[in-house]
Every structure is written in structure tokens, then in C-alpha cells.
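Data block below; observations after.
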Amino acid sequence: MPRTGPVSRSDLIRYLRELGFDGPYSGGNHQFMVRGDVAVRVPNPHRGDISTELLVRILRQAGIPRVAWERL
Numbered sequence: 014m015p016r017t018g019p020v021s022r023s024d025l026i027r028y029l030r031e032l033g034f035d036g037p038y039s040g041g042n043h044q045f046m047v048r049g050d051v052a053v054r055v056p057n058p059h060r061g062d063i064s065t066e067l068l069v070r071i072l073r074q075a076g077i078p079r080v081a082w083e084r085l
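Basically this note's numbering = 1-based index in the sequence shown + 13.
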């Protein structure tokens, strides 16, 4: 079960797929993942993990409650 904290990009993509998102697809400056009519930008690869603050913003944009995220 992932906690709402720093997460690697590959783990973020894996967890979003478990929640029904497809992708990532290329587009503009960032890749994105899609579920229905909701598109979520995925941060570009970098050395460190995705911060808690950015993860919370991504979950909010995706419409994923923190409880659902932590149940994975």
C-alpha cells in the first residue's frame, strides 16, 4: 500500500495504471495518462522521487482520494 509521500516516477505510473489510467502518452513538454475524460500530466524523469506536495496535486487533478491511493 503506497503512502502519500515521495514516490518514484515508475511507481506513480504503475499505481495510476492500477487505478484505471492508460498511458503514458507523449504530449507537449510532459507525458500524460488518461482515464475517461480525465488527463493527468506525469512529471518528467529526474534523479529524485516525486515529492509529497506534487503527488497530492497529481491525485487532486486525477480525482483520486487519498484513501483510494493508500488502499493500493
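The beta carbon of each residue, even a glycine, is placed where N, CA and C say it ideally should be.
At the C-beta level, Ala-75 and Val-51 come within 9 Å of one another. If you look at Asp-24, you'll find it in the alpha helix (DSSP H) that goes 22-31. Here Leu-72 is buried, its C-beta having at least 16 other C-beta atoms within 10 Å. Cβ neighbours of Leu-85 within its own chain (closer than 7 Å, five residues either side excluded): Met-14, Pro-15, Tyr-28, Glu-31. Taking a 10 Å sphere around the C-beta of Pro-37, we find 16 or more other C-beta atoms and assign the residue as buried.
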